[in-house]
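Single-structure report; data block below.
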Amino acid sequence: MSSVIAPNASKLALLGGTKVGEVTYSKFPVFSDRAIERVVEVLRAGKAIGLGRFHSPEIEEAELTISRYHGGREVLAVGSGHAALQCALAGLEICNGDEVITTPYTWGASISCILHQNAIPVFVDVEADTGVIDPAQIEAAITPRTKAILAVHIFGQPANLQKLRAIADKHGLALIEDGSQAHGAEIGGVKVGNVGDAAGFSCMGGKVLPTTEAGYLVTPSKDVFWKAAMIGQHMGRSPEKDFPNELRPWVDSLVYTHRVTPLNAVLLTEQFGVIDAWVNERRRHAELFRAKIADAKYLKLPDYAPGVKPVYHLLTMNFDAEAAGVTRDTFAAALKAEGMLAFGYVPSPIPDWKRLHWQGYEGPRVNWLQALEKAGVDYRGMALPNCRHRVANSIETRFDFIDNQEAMVSRMAEVIHKVEANIGALRDHERSAGPAAPAKR
Ligand SMILES: Cc1ncc(COP(=O)(O)O)c(C=O)c1O
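Heads up: take any position in the sequence shown, counting from 1, add 1, and you land on my numbering.
Here's what the structure looks like:
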């Protein structure tokens, strides 16, 4: 039998060879027929207003469904992940000058929720292999003004919640989790969201649990729940039967509008019916991928301790630029040319971002600079070596494999093997052409 080999198959596509082939994904997000029918029903019934359980059985159903998923914790459905996080801080009464120890390696909304409360982010470094906050850095950053630790389960990888909980308890701090990229991830047999004093989750369309735009807060505390509702919901949902009387004098409409619509409430309920299957399928594909690239020399998946069960919607890898002899961006460009999405998700450590530098600030006015100036924080030039190393060297890719896509996982591995096998040619190319520009998502 003769096999047909494409011309130039062994030459890198970046250098004019034939690409391995596009890595395509399952359609995502997907909504079941039932979910779509229920959304239409809600529209037909003219249920446009999202004032909470008292007013909307759809919101009640969503909050109770999510609560069951989170072991009976209190759940507030809101309009976005950012809203959930801001409500978490407000529910814990963290604001004006309070310090929140957090990660420099995340999506900006993990930090803007702190800024929007006029609280002060205090950045500490992350773990080198995964990019989650490093518990060993936290105690040195605690001051008399510290009120909370905010950990982000970045790329679906759970932060070390057991250690963080112990530090928070020892120092009387609140622990807040940002689970926006990590619905269903677990550590030590516990789901993320179930360890913190409050947790915020995003359910925008690209997340592990997608709606259109929505989010939710999880907390073990009724007090935090109602205070969170007061800051983000119309009249603090005070018509609900168990609204605490002691909060009634403070109910008004001086709120952020963080309501969820009944349409997204229906989607939340329906998506929680399928999330376990999706999480498992993503994990199965990730394990397959791990096995297929186990022999890769320059690109490795993080190692997870026993009991750490990430969930994968963005998958992160560590690139060894020194061993490869090319920059991450050139390597990623070669992967991309072969057909695989490859990029660095976090563009720079957040404390480097200009809108945090009140010293000589010339941009459009923003409301948090005054608080930062008053606190005297100077974020410029923080060392953060692990964060900087990850920013420059990690490679992320989409991982939306929610049904059988093993062939695409094999293709991704083939792309990586091909680029690694041609590393000499890639080095020569970079020497003559210079490093590639950072890849766009
Ligand atoms: C880690 C993290 N935190 C917070 C958010 C904010 O979520 P949303 O866009 O729903 O406000 C996101 C969303 O991209 C995220 O990835």
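Yeah, the Cβ is synthetic: ideal placement off N, Cα and C, and Gly gets one too. Keep in mind the model is a prediction, meaning the values are calculated, not measured.
- prompt: Would you say residue 81 touches ligand 1, meaning its beta carbon is less than 7 Å from a heavy atom?
  reply: Position 80 of the sequence shown, counting from 1, holds the residue named residue 81. Flag set: Cβ of residue 81 near ligand 1.
task: Using 7 Å as the cut-off, classify the Cβ of residue 86 as near or not near the heavy atoms of ligand 1, replying yes or no.
output: Walking along the sequence shown from the start, residue 86 turns up at place 85. The beta carbon of residue 86 sits closer than 7 Å to at least one heavy atom of ligand 1.
- prompt: Pick from 423, 26 and 118: whose alpha carbon is nearest that of residue 229?
  reply: As a first step, residue 229 must be located in the sequence shown, where it is residue number 228. Of 423, 26 and 118, the residue nearest in Cα terms is 118.
- prompt: Can you tell which of 53, 233, 363 and 270 has the C-alpha that lies nearest to the C-alpha of residue 253?
  reply: Translated into the one-based positions of the sequence shown, residue 253 becomes position 252. When each option's Cα is compared against that of residue 253, the closest is 233.
query: If you count every other CB in all the chains shown that lies within 10 Å of the CB of residue 158, and 16 or more means buried, which is it?
result: Indexing the sequence shown from 1 puts residue 158 at position 157. Burial of residue 158 is indicated by the presence of at least 16 other C-beta atoms within 10 angstroms of its C-beta.
message: According to DSSP, residue 318 sits in a beta bridge with which residue or residues?
response: Within the sequence shown, residue 318 is the residue found at index 317, counting from 1. 396, per the DSSP bridge assignment.
task: Identify, in the order they occur along the chain, each residue of the same chain with its Cβ nearer than 8 Å to the Cβ of residue 120, setting aside the five sequence neighbours on each side.
output: Locating residue 120 in the sequence shown gives position 119, where the first residue counts as 1. Exclusion of the five residues before and after residue 120 leaves 90, 95, 96, 97, 98, 99, 100, 101, 148 and 372 as the residues of its chain whose Cβ lies within less than 8 Å of its Cβ.
- prompt: Going by the C-beta, is residue 347 closer than 7 Å to any heavy atom of ligand 1?
  reply: To locate residue 347, count along the sequence shown from 1; it is residue 346. Residue 347 Cβ: outside cutoff for every heavy atom of ligand 1.
task: May I ask which residues mark the beginning and end of the beta strand (DSSP E) holding residue 1?
output: Because residue 1 is not part of the residues shown, which for the chain are 2 to 442, the question remains open.
- prompt: Using the rule of at least 16 other Cβ atoms within 10 Å of the residue's Cβ for burial, across every protein chain shown, is residue 33 buried or exposed?
  reply: As a first step, residue 33 must be located in the sequence shown, where it is residue number 32. Using a 10 angstroms sphere on the CB of residue 33, the tally of other CB atoms stays under 16, which defines it as exposed.
message: If I follow the unbroken beta strand (DSSP E) through residue 77, where does it start and stop?
response: The residue you call residue 77 lines up with position 76 of the sequence shown. Element bounds for residue 77: 75 to 79.
task: Grab the span of the beta strand (DSSP E) containing residue 122 for me, first residue to last.
output: If you number the sequence shown from 1, residue 122 lands on position 121. Under the DSSP assignment, residue 122 falls in the beta strand (DSSP E) whose first and last residues are 121 to 124.
message: Which of the three DSSP states is assigned to residue 291 in this structure?
response: Taking the first residue of the sequence shown as position 1, residue 291 is located at position 290. Three-state result, residue 291: helix.
- request: Please confirm whether any heavy atom of ligand 1 lies closer than 7 Å to the CB of residue 182.
  value: Within the sequence shown, the letter at position 181 stands for residue 182. It does: the Cβ of residue 182 is within 7 Å (strictly closer) of some heavy atom of ligand 1.
message: Rounded to whole angstroms, what is the Cα-Cα separation between residue 137 and residue 300?
response: Position 136 of the sequence shown, counted from the first residue, corresponds to residue 137. Position 299 of the sequence shown, counted from the first residue, corresponds to residue 300. Roughly 26 Å between the two C-alpha positions.
- prompt: Exposed or buried, which one is residue 184 when buried takes at least 16 other CB atoms within 10 Å?
  reply: Start at 1 with the first residue of the sequence shown, and residue 184 comes out as number 183. With 16 or more Cβ atoms within 10 Å of its Cβ, residue 184 is classed as buried.
message: Let me make sure I understand the geometry here. Which of 360, 190 and 180 has the alpha-carbon closest to that of residue 306?
response: Taking the first residue of the sequence shown as 1, we reach residue 306 at position 305. The closest CA to that of residue 306, considering only 360, 190 and 180, is found on 190.
field: DSSP state of residue 191 mapped onto helix, strand, coil
entry: As a position in the sequence shown, residue 191 is number 190, starting the count at 1. Strand, per DSSP.
- prompt: Can the beta-carbon of residue 26 be found less than 8 Å from the beta-carbon of residue 344?
  reply: As a first step, residue 26 is located in the sequence shown; it is residue number 25 there, counting from the start. As a first step, residue 344 is located in the sequence shown; it is residue number 343 there, counting from the start. No.
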